[in-house]
Each structure stands twice: as C-alpha cells, then as structure tokens.
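Numbering (this note's numbering), first residue to last: 1 to 133.
We put the CB at the ideal spot given by N, CA and C, even for glycine.
Since the structure is predicted, the reported quantities are computational estimates derived from the model, not experimental observations.
For reference, the structure is listed below as structure tokens.
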Ligand code: ZN
C-alpha cells in the first residue's frame, strides 16, 4: 500500500490529486489492474468530477453546503457535523481502472480529495491490484 499526505488550505475545498495518483501507478510498473484509493477520515471525502472548469468544484461545494449548512441544529458537539454529512455524501473510496500503465479516466475527469473541515493534513491510501495475464 502507498500512502500520500495532502495538506488542505481552506475549510472547504476540492484538491485535484490525479497527477500524484498517476505518478504512483507509473512508479509501480503495473500495466493492467485496478487502483483503489481510500481516505481514512470522517470529515473529508474523495470523488471523480470535472477538472477543466474550476467553477464545477465551486458549484459542488456550494451545493453540499446547502444540503448540510455549517450552522444547523446538529447534536454532535464538535461543531463539524456539516463536514461529517458532506463526507458521507461523497464517500471515502474509489476504484479506477489501470490500462497500459495509466489511469483510465474520461477526458474531463479528475480525482479530487474533498476537504470539508480544513485546513488539515490528510492521508490518502492507495492499493494497486496487478492483473498480470
Ligand atoms: Zn466531528
């Protein structure tokens, strides 16, 4: 398993980690397989979405803040229930196909760490499964 560390700089942000994951796959030498990506946190998430127009990230974050606003009547006393709910919506893991040594993503797709309670230091765990034939 590979572990990477990502430092967020805002309370809410989506950080494109596609390049880091691609480099780990290239370094592994795996040509055909599956890349499993997991974030071991309860107030951040991971998702795939458009990495061309930055306004898409903005719209996703602002909509998640409408679903789970910061100042609602929550029972969790830590004051970050909005982040826990947004993390539950995005999820903590992804599978991406590896073929010819590269991540198989759509033209406009990128992999994003979704920070919902930053700034913090976040861990991302990556397990590459090698489908040697
Ligand atoms: Zn909490």
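First through last residue of the alpha helix (DSSP H) which encompasses residue 17: It is not in any alpha helix (DSSP H) - residue 17 carries neither H nor E in the DSSP assignment.
Straight-line Cα distance separating residue 132 from residue 7: Roughly 34 Å separates the two Cα atoms.
Burial state of residue 58, where buried means 16 or more other Cβ atoms lie within 10 Å: exposed
C-beta contact flag for residue 126 and residue 24 at 8 Å: yes
Start and end residues, alpha helix (DSSP H) containing residue 121: From DSSP, residue 121 is part of no alpha helix (DSSP H) but of the beta strand (DSSP E) over 121 to 130.
Inter-residue spacing [alpha-carbon to alpha-carbon] between residue 128 and residue 15: Approximately 21 Å, taken between the alpha carbons.
For residue 7, the first and last residue of its enclosing alpha helix (DSSP H): Going by DSSP, residue 7 is part of no alpha helix (DSSP H) but of the beta strand (DSSP E) stretching over 2 to 7.
Inter-stretch contact (C-beta, 8 Å, three-pair minimum) for the region 44 to 52 and the region 70 to 80: no
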